[in-house]
Each structure stands twice: as C-alpha cells, then as structure tokens.
Amino acid sequence: DGTTYLSDYRPYPFTLSTVSLTFRLAPRATRVTARLALSPRAAGAALHLDGEELKLISLALDGAALAPADYRLTETGLTIHPAALPEGPFTLETEVEIAPETNTALEGLYMSKGMYCTQCEAEGFRKITFYPDRPDVMARFHVRIEGEAPVLLSNGNPVGAGDGWAEWDDPWPKPAYLFALVAGELVATQGSFTTMSGRKADLNVWVRPGDEDRTDYALGAIQRSMKWDEEAFGREYDLDVFNLVAVDDFNMGAMENKGLNIFNSKLVLASPETATDLDYERIEGVIGHEYFHNWTGDRITCRDWFQLCLKEGLTVFRDQSFTSDMRLGAVKRIEDVIALRARQFREDAGPLAHPPRPDHYREINNFYTSTVYEKGAEVVRMLQTLLGPDGFRAAMDLYFARHDGQACTIEDWITVFEDASGRDLGQFKRWYTDAGTPHLTVTETFENGTYTLEFTQDTKPTPGQAEKPPRLIPIAVGLIGPNGDEVVPTRVLEMTEARQSFAFEGLGAKPVPSILRGFSAPVVLERQTSPAEQAFLLANDTDPFNRWEAGRSLARETLIAMTTGAAPDAEYLDAVGGLIADEAADPAFRALVLRLPSEDEIAQAIAASGKVADPDAIHAARTALMQALAARHEATLAATYEACAQPGAYRPEAADAGRRSLRLACLALLGTRDGGARAAALFDNATNMTESLGALGLLVAQGKGEAALARFRARWQDNALVMDKWFTTQLALCPPAEAADRAARLAEDPLFTWKNPNRFRALMGGLSANHAGFHRADGAGYRFYADWLIRLDPVNPQTAARMSTAFETRARYDAGRQAKIRAELERIAAVEGLSRDLSEMTARLLG
Ligand code: DPP
Ligand code: ZN
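Residue numbers (the numbering used here): 1385 to 2231.
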C-alpha cells in the first residue's frame, strides 16, 4: 500500500560525487540539465533515480544517448538496467522540463508572486530533476542559473555572474533536500559576521521591494545566532556568504538549505507597527533554528527520514537554548511546556500518536510533527539533565568530531552519548522508539526524619504499540520546609522501574516536595495534593517552572470542578492575588500566572481523567473564572495595568515585551468589569501591533469588535501578514456560537486568497482555535472545515493534510460530536483522487 518501513533501509548502490545543474528558467517550461558523476558500489545493480511530474527531454550516459530499451520510465522515476551501465565510474546527463508556474503544491520549484523559489525537504527535489532523492546520498553541487530575473541565488558561494546568468558552487557535500534556488526581483539588507577564527561572511536578507524596511530585526537575529553557536557549541559558519530569502507562499515556517535559507515571510518581516512581541520572539527563534541546522542537519544529516528527529529534535533544543539565553530562561521554559502540552501531549493522546522516531510512513511530510520536533527536543534536554552541562557539551563535541560530513541515525547519536559518558543508554533509547506520554503517579511518606517519594510510571497503549516497558525518567526534585525555606536543593532522581521509591533522610519536619522541576521529563505528573499546598508552592518554590506549575494546576483543577457547577476555588483566587502586584517577580512570569489554561487544555485534562469533555461547559467555566478573578482583584489589576504602560518608543526586547504581556493579561480580566472600555481606549491609542491586536481580540471576545475590525481592515488591507492576524483573531476569540458562521462569511471575503498557505491557516486555524466554536454541537464547524480540506487537497495536499489534525481530539467528546467528526472524516476519505498525504491522515484519524 505504498508504506515505507525503517527495517527496509538499504544503502544506495552507487556513490555520487558531484552534481552539475543548469536551470534555464521560464514560468511554464523551465529546462533543467543535470550531470551526475556516479560510481557503482558493487556490480550488477540497476540505477534508480527518483523523479515525479518531469518531462524527460534527453538522457545520455558518458555522452551517448541511451536507447529506450536501456531504461524504464514510471510515474515515480527512471531506472537504468544494469546491462546498460559500465563497471566503473560514469556520467549520466538528463534534461527535463518542468512548469513552476502551475506548481500550487509549493514543493519542488514553484513561483510566488513572480519569484522562483524551491522547497525540497523532504522529497521535493524529485520534482526538479531525476536524482537519488534520499538524504544519505551526499554530493557536491555546482549550479548555473539562466534567467531574466536580476537576482539569481543558489547554495554555497557565488563563483560567477553576468547578464542573465549566475553560477554557484557549494563546497560541502549535501543531500538533495538541502538544495535551493531563488530567482526574482529582490532587494537585500546587508551585513556581515566575522567568525571566531576571523573569517568574514557576508549576510543578506532578501525580500521583495517594499518590504526592506522590516528586515533589520532578522539581520540582527542572524548575527546573534552565529555568535551564540560559537559560544554555546563551538560551531563556526563555513561559507563566504549567508543568504536568507523571505517568500509569501510557503508551506512551512522556514527551511535550512545550505547557505540559502528560505523563510515564510511571516518569520522574517517585522516592524513595531506590524509585528507582535510574539512575532519578534518567533522570528529570532526560527532564524536561530535554521541557522543552527547548518551543523545539526546540514554538516551532519539524517541517513533516512525515519531519523528526522536526529536533526529536528536537536535543533529545536538548540533554538530553545538560544532563546532562553537571549530572553528570560524561566519564561521561555514555561512557554515551551505550554506549547508541548497543547500540541505534543494532545498528539500522543490521540490516533496520530507515534514515536519521535517512527518506523513506517506512507507520506513523510505527515511526520513533521510536534512529536518529532518538540518531544524530540525534550529527549535531548533529558540527555543534558542526565549528563550535566559539561558532560552534555563533551558529548556534543564528540558528535561533531565523529560524524561531520555523514548521514546518521539515532543509534549513532545514542552511541556518542554512551561513549562520552560511559553510561549504558539502552533503556533511555525507548524515548525515541516508543510513543505515548508516561503518566507518573507519586505518593509520599514521612517517618523518623525520612521522607520517601514512591513513583509509578504507566504509559497507555498507542496505535501499533500495546506494551510500554518502563523508561528511564529523570525526575528533578527539591524539598521545601514548612517555613518556605528550601531544605533539599534540586536533585535528579533516575527512575528506571515501573514502581520505585526514593528516600531523603535527616529531615526535621515533613517537607513539601517540588517534583519535576524545570519539567525535567515530558510526562504527566499525577499527585493528590491540597489546594493549600499548591498555593504554598506558588508562593515559595525556588524553581520558577514549578512555581508557575503550582498555579497552573490550581487553575486547571478549579476550572474542571467549575464545569460541573462548583464555585471558583478561594485558595486559587487568593494565591493569584499575591502575585499580580509582586514587584519581585518578573512581569512576564506574572503574566503567565495570570493567563488561564486554554479551553483545549482543559478538555485534554478532563478526557485524560476518563470523563467526557463538554466544550460549552468548559467555555462557560473559563469565562466565569476570569470574572471571579477580576471581581476579586479589580483594583490591583487596574493599578498594574496602568503601571505597565510604556510611553517611550517600542523595543522588542524581552523586558519590555514582558510588561506588555502583563498589561494585556490584566486587560483581559478587567474587560469583564469595565465593559471593554479600557480595551477600546487602548485600541484607539495603540502605537504597536502587540497592543493593537491584543485590544482588538478582547473587543471581539466581548462581542464588541465590529467597528474595530472594520477600522483594522481598512488600515491594513494591503499588508498580507497583518491581514492574516485579522482573520485569525476574530475567529479564535469571537463568541463560540458565531464562529462557524463568521468563518463561512470570511471565506467569501475577497481577501481570503485561500491558495496562500498563511491565509488558509489564518482562517481555518482561527476557527479550530475557537474550541467551543469549532466543536459546536450541531457540527457546523466540522462541516465547514472538512469542506475546505477537500477543496485544498488537490491544490496543496501538504497543507491540507497538516490541517486535518484538528480532528485528532475526537475521542474526548460526547457520542454526538464523535459521530459528526467521524462522518466528516469518512466524507473526506471517500473523495476520489484524494492525495496520499490526506488519505494517510484520514485513515489514521479514523483509526
Ligand atoms: N527542516 C525545516 C525546519 O524544521 C522544516 N522543513 O527547519
Ligand atoms: Zn528544523
């Protein structure tokens, strides 16, 4: 059925040393000539080259045309019979024709607003030319581009250019997925970076004319990334030039092509008027991410796509560490855990659960998931926790020294850590091969000065994996005495059994435990504890993550109780009050404590406890808790709101962003008291997008957003990135009952240019983010959403498949909603000619 299995891996039977490509660009008939220098590893093998949607013009071996009997051409590639191949090295030359202008899937060579660009990961290069399109085939590329565009870019260093042509040479062998070409009318913001060994690299941020006033931040982020990778990992840049290009039509966030990173413009362009604080943070983080791939991805790549998390998990870990150093580490960690739970725990709890290293797939594009990326990063973080910072750095140094220039596996990676530490990591490896989120339960005893924690770990079955043997779980624990002083500083317990006890001796009184500090493992911690104890930790824990976590679980528990009619927990209301105006705590941290768990997170928690999640009751409970918090702390919130105003010029730095974040968190609660008066005033006077959009969202949530939405649209209709926010905000935050109808109305808006992935995601993602709106009991949200997946699929299967994950939470809800979701999935699955991408997803979603 077209499934690829990890166990079927075989090395490629040829070596490929150099590739010479010539592009003659034309929108409907681009000619690509490829000269491959090949050499058989053993006698008698056929030569298979991948190729899809290519028109073969000519084919020659060592300069002589091949006869039709020498090869076979199929939908998926070109195979040359062994008898037609020489015993030694040879050169194969192909010429093909492709049509970038009609390529709406945005994979391979395509056009975005008149500009040529490429996206080859994972398997897009086979839509450009016949080639062994697999990551373990690494070759040196020389590229000649002929075309009318003034700017012609490819990987590596520029080696020649003239009127209508340019040549590029990449000295570093690379797999085809890292190939890139860009051609168009582009302008560069230029800078440079001198590496630690004194080599100067030119830096260019390329954008469409008119966008160049929003590139400074991106350029600075490249420089900070380059510096950080030298300091944190000893990694130096290795080419004369680093090019980064922003494109408006892009399926993903960004792509780490060697020396020529291509970015979704939303992750490059920023000005105070058009980008939010969150945009700035993400731009810096993703620029870091793609740059860090230069070593973890490009210099050392993956043997096959099952090993994707080898580069992605590690590189996410690196970008998280970078952001943590550039901004506030504790706040970054909390943000990352919120995102991990929202996406990865959600994935692990449903029909799409898979290990960070899967062992089979039909369409690899469906495995660019939160599990591969974010859980992959958690697994690397656990290695750092187990080895300590110095041990971890030594292992990383060994990884770079041993594997530079290679295509590697998770086994290679684990072996490096075993060799560097002298430890056996066999059990630890299960984090890579086993799916599911372990649930950790803990009980405590105190006797004769000895405090004992007993843990049990349990992971529920996931698709294809019934048995879950125990894993090695690093549990960071500290103990706090009754007076609030820490009596035992953080210690990492290594749990290896299904049930295991750890004792702390010589204590004068029963302590309060702070367990899983810094979120030391991606598990669900289940602990019977009193609200009073959680409030105590919220006030006293020295670990900022667990301090926040105490407030979070208090909020979650009171919200869950409120869905069945309970009143807001008094302990929670009091505890939060103490923090709002606590000048000793960082504003960004206080903002995080003030923000309630999302409705989706509450639904996830309810389902995890075996109950049915009711979206309407959850929405009502969350609204009621906001009202209760505001009623209780109105004066403090109002004073904090005023105190956080920043009259000076906008700066994207973390300290300023933190104050804005606290200000908006106060505003959200105050809106339940002042009828939206403050939000309306802020919207009128805001001088930056963070506050403008924040105020707009609050007005929308109160059903008072129409005039503001109209003004916002009138002002920003020519700015695509800002208009994406307009679509998303009103759908995500409007009263749930109207979300599906609003979505249908917006889909008729002439600005809904749905073939643009950002715009499609803005609308559909906005709707699915409105939890109770998407899950409206009559199924209107599901129907609308499925209609559009069906419509997008033939145009852009990758994005359609990605968006289908909105249905992965089906099992949480009542039988009526479940049946409606199932019916929509079945309707999609029955569509004739459905893409491999979306049909794999619907099959897995239907279970
Ligand atoms: N490799 C890209 C990234 O994660 C996504 N295709 O950076
Ligand atoms: Zn990546």
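Using N, Cα and C, we set each Cβ at its ideal position, and we do this for glycine too.
Can you give me the C-alpha to C-alpha distance between residue i and residue j, rounded to a whole angstrom?
| i | j | result |
| --- | --- | --- |
| Pro1895 | Pro1866 | 6 Å |
| Gly1618 | Val1764 | 18 Å |
| Ile1718 | Arg1901 | 11 Å |
| Ser1655 | Gln1884 | 53 Å |
| Gly1428 | Ala1616 | 48 Å |
| Gly1772 | Gln1841 | 24 Å |
| His1823 | Pro1858 | 13 Å |
| Lys1558 | Arg1524 | 6 Å |
| Cys1504 | Val1629 | 15 Å |
| Arg2095 | Leu1562 | 43 Å |
| Phe2248 | Ser1609 | Any property of residue 2248 remains undetermined from this structure, which presents the chain solely from 1385 to 2231. |
| Pro1952 | Ile1986 | 15 Å |
| Leu1662 | Pro2036 | 9 Å |
| Pro1470 | Ala1483 | 33 Å |
| Gly2163 | Phe1801 | 50 Å |
| Arg1683 | Leu1938 | 46 Å |
| Glu1851 | Pro1845 | 6 Å |
| Ala1430 | Thr1417 | 22 Å |
| Glu1400 | Leu1422 | The displayed chain sequence assigns Leu, not Glu, to residue 1400. Cα-Cα distance, rounded: 5 Å. |
| Gly1575 | Leu1587 | 5 Å |
| Leu2082 | Ala2033 | 24 Å |
| Ala1969 | Leu1963 | 8 Å |
| Asp2221 | Met2148 | 18 Å |
| Ser1404 | Leu1493 | 17 Å |
| Val1566 | Phe1903 | 42 Å |
| Asp1984 | His2159 | 11 Å |
| Trp2110 | Ile1667 | 19 Å |
| Gly1935 | Pro1897 | 15 Å |
Using only the heavy atoms of ligand 2, determine whether one of them is closer than 8 Å to the beta carbon of residue i.
| i | result |
| --- | --- |
| Thr1699 | yes |
| Lys1695 | yes |
| Gly1681 | yes |
| Glu1674 | yes |
| Tyr1389 | no |
Cutting at 6 Å between CB atoms, please list the residues of its own chain near residue i, excluding the five before and the five after it.
| i | result |
| --- | --- |
| Gly1669 | Asp1703 and Thr1707 |
| Leu2176 | Ala2184 |
| Pro1424 | Phe1398 |
| Gln1849 | Ala1819 |
| Ser1496 | Val1631, Asp1632 and Asp1633 |
| Ser1805 | Leu1771 and Gly1775 |
| Asp1732 | Gly1820 and Thr1821 |
| Phe1886 | Leu1837 and Leu1877 |
Does any heavy atom of ligand 1 sit closer than 8 Å to the C-beta of residue i?
| i | result |
| --- | --- |
| Met1639 | yes |
| Glu2132 | no |
| Glu1505 | yes |
| Tyr1752 | yes |
| Tyr1757 | yes |
| Ala1636 | For clarity, residue 1636 is Met in the given sequence; the question names Ala instead. Checking every heavy atom of ligand 1 against the Cβ of Met1636, one is found closer than 8 Å. |
| His1677 | yes |
Report all residues from its chain with a CB closer than 7 Å to the CB of residue i; omit the five preceding and five following residues, and keep chain order.
| i | result |
| --- | --- |
| Thr1880 | Gln1811, Pro1854 and Leu1856 |
| Glu1889 | Gly1833 and Thr1834 |
| Ala1426 | Pro1397 |
| Lys1813 | Ile1798 |
| Pro1466 | Gly1428, Ala1429 and Ala1430 |
Can you list, in chain order, the residues of its chain whose CB lies under 8 Å from that of residue i, leaving out five sequence neighbours each side?
| i | result |
| --- | --- |
| Val2179 | Thr1488, Ala1489 and Lys2139 |
| Arg1777 | Phe1617 |
| Thr1579 | Ala1585, Met1610, Glu1614, Glu1620 and Tyr1621 |
| Ala2029 | Arg2047 |
Inset, instruction - Report yes or no: do the stretch 1543-1556 and the stretch 1592-1607 share at least 3 C-beta pairs separated by less than 8 Å? - result: no
Inset, instruction - Assess, as a yes-or-no matter, whether the stretch 2068-2086 is touched by the stretch 1744-1761 under the definition of 3 or more beta carbon pairs within less than 8 Å. - result: no
Inset, instruction - Evaluate the contact criterion for the stretch 1967-1978 versus the stretch 2127-2138: three or more CB pairs, one atom per stretch, below 8 Å. - result: no
Legend entry - Three or more C-beta pairs below 8 Å linking the stretch 1683-1699 and the stretch 1782-1795: yes
Legend entry - Three or more C-beta pairs below 8 Å linking the stretch 2149-2167 and the stretch 2203-2210: yes
Inset, instruction - Could you tell me whether the stretch 2019-2029 touches the stretch 2048-2061, using the rule of 3 or more Cβ pairs below 8 Å? - result: yes
Legend entry - Three or more C-beta pairs below 8 Å linking the stretch 2181-2198 and the stretch 1505-1520: no
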